[in-house]
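Let me begin by presenting the structure, written as structure tokens, before commenting on it.
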Amino acid sequence: MWQCLESWLLWFYQLVKDWPWLSDMIFSPRLRWALTALLAASKTARTESLADIDHVILFMQENRAFDHYFGTMPGVRGFADPNVQYNNGIPVWKQQVTPQQSKDTDYITPWYINYLGGTWPEATQCMSAGSNGWDANQAAWNHGANNQWAVKNTPYSIGYYKRDDLPVHFALAEEWTVGDMYQESVIASTNPNRVMWISGSINVPGSPQTKDEGGYPYIDNNETPGCDKNGINCYPLKWSTAAEKYEAAGVSWSVFQDADNFDDNPYAWFEQFQDSKKGSNLNNKGMKGQSLDAFYAQAAAGTLPEVSYIVGPMQLSEHPPYSPHDGSWLQRKVAEAVINSPKYSKSVLIVSYDETGGWADHVSPYTSPDGTAGEWIDDPYGAAGRTATGPGFRVPFYIISPFTRKGGVYTEHCDHTSQVSFIEKWQAAKGRDVTTDEMVPWRRENMADLVNAFDFKNPDYSIPNLPEAPQPHTNSKGVYDGSSYCSSQYGNGRPPVP
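The sequence shown maps to residues -18 to -1, 1 to 480 in mature numbering (1 follows the signal peptide of the UniProt record, and there is no 0).
Here is the structure:
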């Protein structure tokens, strides 16, 4: 109780201490002196190591690429990239098009989605680019040439937003720390990437798992029991997950989701969670979880579990045609719950996206050498030949914490397995072993554990004013319906390709 009161006082004093007239009204001189000393001492105490963190919140959104959101952001590896890849003398900015797509040019370059102005900034909120599946992504990657986005996906895949279109996203990324080499784990769709997020594997042959544990490999969104016609994507999955390690080690954890979770909770795809008894920890924390309102309430009270997973509703997921604006409202709400919590000084919020959703990124994925166990396969669909399963293209990624405030750009190679590794390092600093033996070895050795994104010697407890986010549209029953409302006003939201 006293520790919580102390944390609350320090948090409140940090907010008002820079306004002397206000702090003079609230605190006596002696109390101000004591709180200043306590704040300085607490900062010193809280900057020793990872062990000073008490709460890690993992929040994964849907289907956006790094260039598509942050290509225009200063300081990142975006459209000003001085090290852009060339293929036979042609920069990767120039994406091939077919004569059927254009009779005037052989190439299309990245283009601003809202170049026409008018109502297009509202209309393009509900536009889609193309396919996010294995076939389209592998074809766009083209074994590292990364030059088939327009041909094998669509010319819309090359479109991007700017700061004015995404004010909340830019603020969260720039006020804290943005990662510009964070990659999706699999060059594929949602399910494989979210499975990597909580387990470190999709059971590519050569992984730590056996064939009868499912997947083998799990590279598509199959949720039908059994394997598909190619003998892959076997469901349900059966290997051990990160949460089971937390449970065994006494680390508190929970999924937070509402009834509409867009089927984005990956724990629900594992047999041991599906078969868990009602009332058991796996069922309560993983399958059922707690509501988003419970997350906000626990954040406000400083009582969040050590590890929290946020799974948003479909309409707020940012999966096209669900809008970035609606997603920004949820992101702002989650971020403010964390930064306004009395436990903010001991909290980390990690925001990521599962995959690119058919949107292009100019940086060819950093992958393992051919033949690496658990990483490469012969394309079971017969189109890509011998190919890497991942890591894939870059996706938006930022870390919100006093230890990452105004931290600039984090540049180490990382992917969804890095979040698993970060929690392992953090819990090891607290004397608990939650290391999973399910992660593909190459990922553990080559994907960063995120620790270098944090500055524990110079925490910054200041809180910026975030841009406003419009309230998502709802129907007469109060149900989110932003995408259908947008399409009713603007159609498919696709402007003419310039």
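Using N, Cα and C, we set each Cβ at its ideal position, and we do this for glycine too.
Status (buried if at least 16 other CB within 10 Å, exposed otherwise) for residue i
i           : result
R368        : exposed
D194        : exposed
A27         : Confidence at A27 is low in this model, with a pLDDT of 46, below 50, so its placement is unreliable and the value that follows should be read with caution. With fewer than 16 Cβ atoms within 10 Å of its Cβ, A27 is classed as exposed.
residue 566 : As shown, the chain starts at -18 and ends at 480. That puts residue 566 outside it, with no answer to give.
V58         : buried
T418        : buried
A230        : exposed
N440        : exposed
A22         : Confidence at A22 is low in this model, with a pLDDT of 48, below 50, so its placement is unreliable and no value can be given for it.
V66         : exposed
G112        : buried
A241        : exposed
P218        : buried
N457        : exposed
T101        : exposed
A19         : Caution applies to A19, whose pLDDT of 47 falls short of 50 and renders its modelled position unreliable; the value that the coordinates give is listed next. When all chains shown are included, A19 counts as exposed.
Beta-carbon proximity of residue i to residue j, cut-off 7 Å
i    : j    : result
K76  : Y68  : no
Q43  : G372 : no
V168 : N175 : yes
A225 : A281 : no
V233 : G268 : no
A122 : W116 : no
Q297 : Y462 : yes
P303 : S84  : no
C216 : G196 : yes
L40  : Y392 : no
E420 : S181 : yes
P295 : L148 : no
N212 : V293 : no
G71  : F61  : no
A411 : A33  : yes
I214 : Y198 : yes
R414 : M109 : no
C468 : Q120 : no
F252 : L264 : no
G339 : N114 : yes
Residues sharing a beta bridge with residue i, DSSP
i    : result
H37  : S329
W358 : A370
W158 : In the DSSP output, where bridge partners are listed per residue, W158 has none listed.
S290 : I39 and S236
L298 : Bridge partners of L298: none, in fact.
L448 : In the DSSP output, where bridge partners are listed per residue, L448 has none listed.
S334 : M42 and F379
P190 : None; P190 has no bridge partner.
Whole-number beta carbon distance between residue j and residue i, since they are thought to touch under 8 Å
i    : j    : result
D336 : T172 : 5 Å
P248 : W179 : 7 Å
V160 : F436 : 14 Å between Cβ atoms; not a contact.
W221 : P454 : About 37 Å separates the two Cβ atoms, so there is no contact after all.
V38  : W408 : 7 Å
Any non-hydrogen atom of the ligand COA within 6 Å of residue i CB
i    : result
T349 : Inclusion of the ligand COA in the displayed structure is not the case, the ligand content being empty and no account of it being possible.
At least three beta-carbon pairs within less than 8 Å, the segment 337 to 350 to the segment 46 to 66: Segments in contact, yes.
The segment 396 to 404 contacting the segment 201 to 218, beta-carbon criterion three pairs below 8 Å: No: the two stretches stay apart, fewer than three of their Cβ pairs being nearer than 8 Å.
Cβ contact check for the segment 91 to 102 and the segment 137 to 152: 3 or more pairs under 8 Å: Yes: the two stretches touch, three or more of their Cβ pairs being nearer than 8 Å.
Validate contact between the segment 441 to 457 and the segment 381 to 388 using beta carbons, cut 8 Å, 3 pairs: Touching, yes, given that three or more Cβ pairs across the two stretches are closer than 8 Å.
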